[in-house]
Every structure is written in structure tokens, then in C-alpha cells.
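Visitor: Please find one structure pasted underneath; my questions will follow.
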Amino acid sequence: MNVLNSTELQKVVNIFRDENAFPDDIDEAGQKVLIALYGEKNSNELRFKLFQKSLVKNNLNLAFLPPTTAAACEHSLRAYLQVQLWRGFAKSPLDWGWKETKHGLFSVITSNQILQPFSP
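FYI, the numbering for the sequence shown is 9 to 128, going by my numbering.
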């Protein structure tokens, strides 16, 4: 399937134009786009398959794996915010994938708890 010419995918991304879209709908649409781009049915399966391939080739580079479901959600929220700003709709960045720190706004990487490295 040619992703760029997919009518179904065009319908999915229309949610990013909706000024009243809900975060869960944005997340779902973003997951569908990610899955379409990588040609798999499930983003977690895709990550696992690519991880396995890299282990077999002894060429592990985590940067080449697609984002986790939680990281993709945060990215989709930020993409939605950007589209809304381009369209002239003011939204609070803090509701759409950004957090405020003493140094300014920073993107939320994931909503999942990040595991700390194991140290014996």
C-alpha cells in the first residue's frame, strides 16, 4: 500500500485538524499512522521484530527502533498542538505533550515510568 495515497490514512489524519479532538483520539490516530508507515499491524510487535533482527545481526542500535506506544502518544499530542497553532487555535502546550520546568518547556518523552539502570 502506498501510504501517501491511502484514502483511509487521509481520513485518520483528519483528526489532527479537529480543534476539539480528544487526546485519546489523537493517540489512536497517531498509532495508526505509525503502523501504516512501518507496514505492521501492531507497533509493539514491530518494535520486537526489529529488536530481534538487530540482535541476530549483532547490530543493536535502539535509535532505529520505532517509538514505544507511550512515546508515540506524546509525539502525536505535540504534532496535534503544532497543527492547531498553524491553524490559529491557541491550546495550552501543557495539555499536549509538553511540561514546564525551571528552564522552560520540554517535551514529555513518555507517560510510562522510565526504568533505572540495574546496579548490583
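For every residue, glycine included, the Cβ atom is placed at its ideal position computed from N, Cα and C.
Is it true that the CB of residue 119 sits closer than 7 Å to the CB of residue 106?
Guide: Reading the sequence shown from its first residue, position 98 is the one you call residue 106. Reading the sequence shown from its first residue, position 111 is the one you call residue 119. Cβ distance not < 7 Å, so residue 106 and residue 119 don't count as in contact.
Visitor: Using 8 Å for Cβ pairs, my map puts residue 77 next to residue 100. What's the rounded Cβ distance?
Guide: Position 69 of the sequence shown holds residue 77. Position 92 of the sequence shown holds residue 100. Residue 77 to residue 100, Cβ: 24 Å. No contact.
Visitor: Pull up the DSSP beta-bridge partners for residue 106, would you.
Guide: Here residue 106 corresponds to residue number 98 of the sequence shown, with the count starting at 1. The partner list for residue 106 (beta bridge, DSSP) reads 115.
Visitor: Taking the straight line between their C-alpha atoms, what separation do you get for residue 16 and residue 36?
Guide: As a working mapping, residue 16 is identified with position 8 in the sequence shown. As a working mapping, residue 36 is identified with position 28 in the sequence shown. Each residue's Cα considered, the two are about 14 Å apart.
Visitor: At which residues does the alpha helix (DSSP H) containing residue 43 begin and terminate?
Guide: As a first step, residue 43 is located in the sequence shown; it is residue number 35 there, counting from the start. 31-46 is the span of the alpha helix (DSSP H), which, as asked, contains residue 43.
Visitor: What is the residue span of the alpha helix (DSSP H) that residue 52 lies within?
Guide: Along the sequence shown, read from residue 1 onward, the residue named residue 52 stands at position 44. Start and end: 51-64.
Visitor: Hey, would you say residue 86 sits closer than 7 Å to residue 73, going by beta carbons?
Guide: Counting from one through the sequence shown, the residue named residue 86 turns up at place 78. Counting from one through the sequence shown, the residue named residue 73 turns up at place 65. Result no, Cβ atoms of residue 86 and residue 73 do not sit closer than 7 Å.
Visitor: Using 8 Å for Cβ pairs, my map puts residue 39 next to residue 98. What's the rounded Cβ distance?
Guide: Within the sequence shown, numbered from 1, the residue matching residue 39 stands at position 31. Within the sequence shown, numbered from 1, the residue matching residue 98 stands at position 90. With a Cβ gap of about 26 Å, residue 39 and residue 98 do not count as contacting.
Visitor: When you compare the CB positions of residue 84 and residue 34, do they come within less than 7 Å of one another, or not?
Guide: Translated into positions along the sequence shown, residue 84 becomes position 76. Translated into positions along the sequence shown, residue 34 becomes position 26. In this structure, residue 34 lies closer than 7 Å to residue 84 by Cβ.
Visitor: DSSP state of residue 27, grouped into three classes?
Guide: Position 19 of the sequence shown holds residue 27. In this structure, residue 27 counts as coil in the three-state DSSP scheme.
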